[in-house]
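To keep things clear, I will list the structure first and then write my remarks on it.
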Amino acid sequence: MSRRALALMVAGFLTVALALFGAMLPVPYVALSPGPTENTIGDVNGKPVITIDGHETYPTDGKLSLVTVAYQGGPDNRLDLLTALRGWANPSIAVVPEEAIFPRTSSLEQVEQENTQEMTDSQESATAAALNALKVPIQESITVAQTDKGAPADGKLKPGDVITAVDGTQVTALDAVATAVQKHKAGDPVRFTVRRGGTSTDVTVTAGKADDGRTVVGVRMQTSYTFPFKVDISVGDVGGPSAGLMFSLGIYDKLTPGPITGGKSVAGTGTIDPAGNVGPIGGIEQKMVGARSAGATVFLTPAENCADAVKAAPKGLRLVRVDTLSGAIKALDTLRTGSGDVPACTAG
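Residues in the sequence shown are numbered consecutively from 1, following full-length UniProt numbering.
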């Protein structure tokens, strides 16, 4: 073999080796792909997704499916370059910077905990929204979620405390507590009346001052609800708040005569608050692909996601624009009866 041929062979071998090595290098990106769907009026692993005890329920039909996004990569298991390149070439996969999913200010464990908490909060808000739509009375309360470490409330107010009054004045909303605290100056005592372990007690906290000058005590609160009957939601290893709308519809369907789907396979997404307002979500493109792959023909789409959804909707999937739970129910009624107009997503 001539020196020239040998040199070319060695150079070719090194080029291939370097290319293979480079393809296996980890890169700080995450690949988002269509995840599994779950029928909220069906079963998961032989157990109903939604179980209602203490109130009459009715037979359902069709599907009201929540949709998810699966991810590959992350700080503890980074993608290799070749996988990222394959993802960029696949229109149903989104490859995004790692920081978009896992902020540098949060650990992987913290992100997972936040997703789990968002799912729990979503289920409670979904139940409240469904019962509000049905005019079923529910009781609201202000609960301490956590206190900031080293803040005035740290060690005094405890997670799970129900705040019933501030300085002797009854409070029933989060902003009422904030307003009551803002009436004080740093160094003033603020008296909280809380229900803890079934007993009412007063807790005095010395107010502090935030960097922006606001009076604070360092407590994080959330609205909790007491329902007149038990609603249990179980979907396994799914996190985040985006299934709220579909949970609400599933609860509503089980509590009302006649299936609201008319037997259709309906999927959808959207956050929801107790008043029934539907909010936008991420990963709409992947969620639509997952929905269509699972057989859905109708997709309930948050209004703020409509423009992106129209650009990427799979063939055979009808996009229905929704702003509120009541609007979604009305749209499903119209689809079932064939009488009236159904709000559609548009590109504008």
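Where is the CB? At the ideal position from N, CA and C, for every residue including glycine.
*Can you grab the Cα-Cα spacing for the pair residue 50 / residue 199, in whole Å?*
32 Å
*Can you tell which of 136, 73, 148 and 246 has the C-alpha that lies nearest to the C-alpha of residue 119?*
246
*asked:* Checking 8 Å against the spacing of the C-beta atoms, do residue 148 and residue 218 come in under that value?
replied: yes
_residue 252 in three-state terms, based on DSSP_ = helix
*Taking one C-beta from the stretch 39-59 and one from the stretch 247-256 each time, how about it: are there three or more such pairs within less than 8 Å?*
yes
*Would you call residue 170 buried or exposed, if buried means 16 or more other Cβ atoms sit within 10 Å of its Cβ?*
exposed
*In the DSSP assignment, find the unbroken alpha helix (DSSP H) run with residue 181 in it and report its ends.*
174-182
_Counting C-beta neighbours from all protein chains within 10 Å, is the total for residue 337 16 or more, i.e. buried, or is it exposed?_
exposed
*asked:* Do residue 139 and residue 226 have their beta-carbon atoms positioned less than 8 Å apart in this structure?
replied: yes
*Report all residues from its chain with a CB closer than 7 Å to the CB of residue 21; omit the five preceding and five following residues, and keep chain order.*
Low confidence applies here, because residue 21 scores a pLDDT of 45, under 50, leaving its location unreliable; read the following figure in that light. Within the same chain, residue 21 has no close Cβ partners at all.
*Alpha carbon of residue 266 to alpha carbon of residue 310, nearest angstrom*: 17 Å
*Go ahead and pull the three-state DSSP assignment for residue 101.*
helix
_Under DSSP, the alpha helix (DSSP H) around residue 61 begins and ends at which residues?_
Residue 61 -> no alpha helix (DSSP H), and no H or E assigned at all.
_Reference residue 189; option with closest CA among 215, 197 and 172_ = 215
*asked:* Assuming residue 298 is part of the beta strand (DSSP E), what are its boundary residues?
replied: 298-302
*Kindly list the residues whose CB is nearer than 7 Å to the CB of residue 174, restricted to its own chain and excluding five residues on each side of it in sequence; keep chain order.*
142, 221 and 223
*Check whether the stretch 91-101 touches the stretch 232-245, counting contact only when three or more Cβ pairs, one atom from each stretch, lie closer than 8 Å.*
no
*asked:* Helix, strand or coil for residue 317? Go by DSSP, reduced to three states.
replied: coil
*Report yes if the C-beta distance between residue 165 and residue 193 is below 8 Å; otherwise report no.*
yes
_Classify residue 324: buried if its beta carbon has 16 or more other beta carbons within 10 angstroms, exposed otherwise._
buried
*asked:* If I measure Cβ to Cβ from residue 161 and keep anything under 6 Å in the same chain, skipping five residues before and after, which residues do I get?
replied: 144, 194 and 196
*Compare the beta carbon distance of residue 314 and residue 279 with 8 Å and say whether it is the shorter of the two.*
no
*At which residues does the beta strand (DSSP E) containing residue 134 begin and terminate?*
That residue, residue 134, is in no beta strand (DSSP E); it is neither H nor E in DSSP.
*Could you spell out where the beta strand (DSSP E) holding residue 327 opens and where it closes?*
Careful: residue 327 lies outside any beta strand (DSSP E), inside the alpha helix (DSSP H) at 325-337.
*For residue 204, which residues from the same chain have a beta carbon less than 6 Å from its beta carbon, with the 5 sequence-adjacent residues on both sides left out?*
189 and 191
_Cutoff 8 Å; reference residue 264; Cβ partners in own chain excluding five residues on either side_ = 62, 63, 297, 298, 335 and 336
*Taking the C-alpha atoms as reference points, what is the distance between residue 92 and residue 115?*
23 Å
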